[in-house]
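A.B. asks: Residue numbering for the sequence shown follows this note's numbering, beginning at 3 and increasing consecutively. Backbone N, C-alpha and C define an ideal beta-carbon position, used for all residues, glycine too.
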Amino acid sequence: MENKICIWILELILLASEVLALSIGVGPAYLTSEYEPGVMKNLQVRIYNKELSQIEISARVEGDLANYFRISEERFRIPEGQEVYPLNVEVELPAGLSPGTYVTRIVFSATPTSGTIGVGASVETQIYTVVKSEKFLLAMVNATAEELTLRIRNLGSAEVESASAALIISDKEREVFSINRSFGRISAGQERKITYRNPGLVGEYSASIWASYDGQERAYQIPLIIGEKKIDPISLEMPIFRLGEINRIIVRYSSNWNRPVNFTPKLEILDSSGRVIAGLSANSIEILKDGSADFFWDTSEVAEGRYTARAYSIIDGVSESRSFRLSVSSEGIRIDEESTLARRRTITVVLLSAFIIAFLIFGRRISSSLRILKIKNLARRAIKQAELRNIETAARIYNEIQRRYNSLSQSERKIVYQEVMSAYEAIKGQKRKKIEF
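1. Starting from Tyr407, trace the alpha helix (DSSP H) both ways and give me its first and last residue.
2. Counting only beta-carbon separations shorter than 8 Å, does Thr197 have a partner in chain B?
3. Quick one, are the C-beta atoms of Leu372 and Ile403 less than 8 Å apart?
4. Quick check: Ile171 and Tyr207, are their CB atoms within less than 8 Å of each other?
5. Alpha carbon to alpha carbon, what distance is there between Thr310 and Thr342?
6. Please state if the CB of Ile227 and the CB of Phe265 are separated by a distance shorter than 8 Å.
7. My output table needs one value for Glu421: the three-state DSSP class, helix, strand or coil.
8. Taking all protein chains shown into account, decide if Glu427 is buried (16 or more other Cβ within 10 angstroms of its Cβ) or exposed.
9. Looking only at its chain, what residues have a beta carbon closer than 6 Å to the beta carbon of Ser331, apart from the 5 residues adjacent to it on each side?
10. Please report how far the alpha carbon of Glu438 lies from the alpha carbon of Val143, in whole angstroms.
11. Please specify which runs of the beta strand (DSSP E), each continuous and at least 3 residues long, are wholly inside the region 61-129, giving them in chain order.
12. Taking all protein chains shown into account, decide if Thr127 is buried (16 or more other Cβ within 10 angstroms of its Cβ) or exposed.
13. Give me the Cα-Cα distance between Ser100 and Asn156, rounded to the nearest whole angstrom.
14. Could you name the residues of the same chain whose beta carbon sits closer than 6 Å to that of Ile181, not counting the 5 residues immediately before and after it, in chain order?
15. Under 8 Å Cβ to Cβ from Gln508, same chain only, skipping five residues before and after it: list those, please.
16. Round the Cβ separation of Ser325 and Arg308 to the nearest angstrom and send it over; I've been treating them as touching at under 8 Å.
17. Considering only residues of the same chain and omitting the five flanking positions on each side of Ile429, which have a CB-CB separation below 8 Å?
18. How about Arg107 and Gly40: are their beta carbons less than 8 Å apart?
19. Could you check which residue in Ser257, Trp212, Glu94, Ala147 has the C-alpha nearest to that of Leu290?
20. Between the alpha carbons of Leu33 and Phe298, how many angstroms are there, rounded?
21. Helix, strand or coil: how does DSSP classify Glu427 here?
22. Please state the DSSP three-state secondary structure of Ser184.
23. Below 8 Å on the Cβ atoms is my contact criterion, and I expect Gly186 with Ala165 to pass it. Report the Cβ-Cβ distance as a whole number of Å.
24. Would you mind reading off the limits of the beta strand (DSSP E) that contains Met142?
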């Protein structure tokens, strides 16, 4: 009888172990990581909780290049009901690896939670890194709202005698920009580039890149994001206005993006002292090029007089605004765009005059201070966007910081170095996927 009980208990333990062993999966099972020495790259793997039960996971790195792979979490818990858990893997490979194929494994082990009978199961993702032979070129593209740069880098250990690269940027199936350039000889480790003025591309595109060198050719396609999404309020209308009633306000918006953009519209009504007397909201909407949002203003307690309507568009916590002057009376309403443009022009003229006088007096000192101030402001913006986890926006701001930083003198760089590094660490610390071209 005792033997039967032992066998029965053993069968239960094995059954529980088997259930646990089948409860997790990982994807993708295989990954390839291009060999780009010194370049920080981010990969992502997903752990699947097949049983949707609470489970503890431990992760470790094994294999040829384990010292150069870092996982964002070595131990974590997948809560009950969550099917997929994403995990970031950071890679920075050293220069000088010998040609060949290197295999690195990210191993995930499931541990029974408290009160569960069973043994842990292990699954793994294998990451293959192929180091090319002596001659190996990598072509890349950097794109901002101002310029497009095609770069080509010799990652091999031997000189390339003849190299050329081509780039085609497409909006869906339509070609909108192309470059085809010969770079000649490129020494091992050398990088060459050519920069063109951006012809007005802003939005989401695809880039096809070719690198041709000494009888070899590489071709690949990548997504390309240029500029930042921006939606401007452009006009405000009230088709019918009756003081003392609820009135419909129509705000029209314009988008610079080449794809539909989702944003949150908002409207504030301010009295002559600048106090907000009505905060009006609307549901998030999606527009392509242009669109409108409706607001409703209860004027039952509004007196005749002058007010300001300030319309906002909010994307990922960043807002654009425009103000309109409202002249309210029992006979109706008059709407004029507030003279922000005129005021801005006046301010610009005053600042420009002051700048010219200051430049004549202080010369390069003023110019240097402005350059330093601009970089510090950009660094603060990058840190703020990183804290909001808007990593792509933060990365684009940081690219602008780098461009300006490279133009500074050594003494100027020392002044802003700490701010630049703080922005870099804020972005890096998020452990999110960073796209670099």
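C.D. replies: Quick answer:
1. Counted from its first residue, the sequence shown places residue 407 at position 405. Segment 393-407, the alpha helix (DSSP H) holding Tyr407.
2. Absence of chain B from the displayed structure is noted, only one protein chain being present.
3. Counted from its first residue, the sequence shown places residue 372 at position 370. Counted from its first residue, the sequence shown places residue 403 at position 401. It is not a contact, given that the beta carbons lie outside the stated cut-off.
4. Position 169 of the sequence shown, counted from the start, is the residue given in the question as residue 171. Position 205 of the sequence shown, counted from the start, is the residue given in the question as residue 207. Yes, they are a contact pair.
5. As a working mapping, residue 342 is identified with position 340 in the sequence shown. As a working mapping, residue 310 is identified with position 308 in the sequence shown. At Thr342, the pLDDT of 48 sits below 50, so the modelled position is not reliable; the number obtained from the coordinates is stated separately. C-alpha separation (whole angstroms): 12 Å.
6. In the sequence shown, residue 265 corresponds to position 263, counting from 1. In the sequence shown, residue 227 corresponds to position 225, counting from 1. In this structure, Ile227 does not lie closer than 8 Å to Phe265 by Cβ.
7. Sequence index remark: in the sequence shown, residue 421 carries index 419 (1-based). Three-state DSSP puts Glu421 in a helix.
8. Translated into positions along the sequence shown, residue 427 becomes position 425. That one is exposed.
9. Locating residue 331 in the sequence shown gives position 329, counting from the first residue. Excluding residues within five positions, the ones whose Cβ falls inside 6 Å are Glu306.
10. Numbered from 1 along the sequence shown, position 436 holds the residue referred to as residue 438. Numbered from 1 along the sequence shown, position 141 holds the residue referred to as residue 143. Note that Glu438 scores 41 on pLDDT, short of 50, meaning its location in the model is unreliable; the coordinates nonetheless yield the value given after this. Whole-angstrom Cα-Cα distance: 9 Å.
11. 71-73, 77-80, 86-93, 102-113
12. Here residue 127 corresponds to residue number 125 of the sequence shown, with the count starting at 1. Burial call: buried.
13. Residue 100 sits at position 98 when you count from the first residue of the sequence shown. Residue 156 sits at position 154 when you count from the first residue of the sequence shown. Rounded to whole angstroms, Ser100 to Asn156 spans 15 Å at the Cα level.
14. Along the sequence shown, one-based indexing puts residue 181 at 179. If we look at Ile181 and ignore the five residues flanking it on each side, its Cβ neighbours are Leu152, Leu169.
15. In the structure as shown, the chain starts at 3 and stops at 439, and residue 508 therefore has no counterpart that could be examined.
16. One-based indexing of the sequence shown puts residue 325 at position 323. One-based indexing of the sequence shown puts residue 308 at position 306. Incorrect: roughly 12 Å between the Cβ atoms, too far for contact.
17. On the sequence shown, residue 429 is found 427 positions in, with the first residue counted as 1. Cβ neighbours of Ile429 beyond the five flanking positions: Ala384, Ala388, Ile393, Ala396, Ala397, Tyr400, Lys436.
18. On the sequence shown, residue 107 is found 105 positions in, with the first residue counted as 1. On the sequence shown, residue 40 is found 38 positions in, with the first residue counted as 1. No, these two residues do not count as a Cβ contact at 8 Å.
19. Taking the first residue of the sequence shown as position 1, residue 290 is located at position 288. Selected option, being the one with the closest Cα: Ser257.
20. Within the sequence shown, residue 33 is the residue found at index 31, counting from 1. Within the sequence shown, residue 298 is the residue found at index 296, counting from 1. Cα to Cα, the separation comes out at about 53 Å.
21. Locating residue 427 in the sequence shown gives position 425, where the first residue counts as 1. Of the three classes helix, strand and coil, the one that applies to Glu427 here is helix, per DSSP.
22. Mapped onto the sequence shown, residue 184 falls at position 182. Note: Ser184 maps to strand in three-state DSSP.
23. Here residue 186 refers to the residue found at position 184 of the sequence shown. Here residue 165 refers to the residue found at position 163 of the sequence shown. Confirmed, Cβ separation roughly 7 Å.
24. To locate residue 142, count along the sequence shown from 1; it is residue 140. Residues 139-145.
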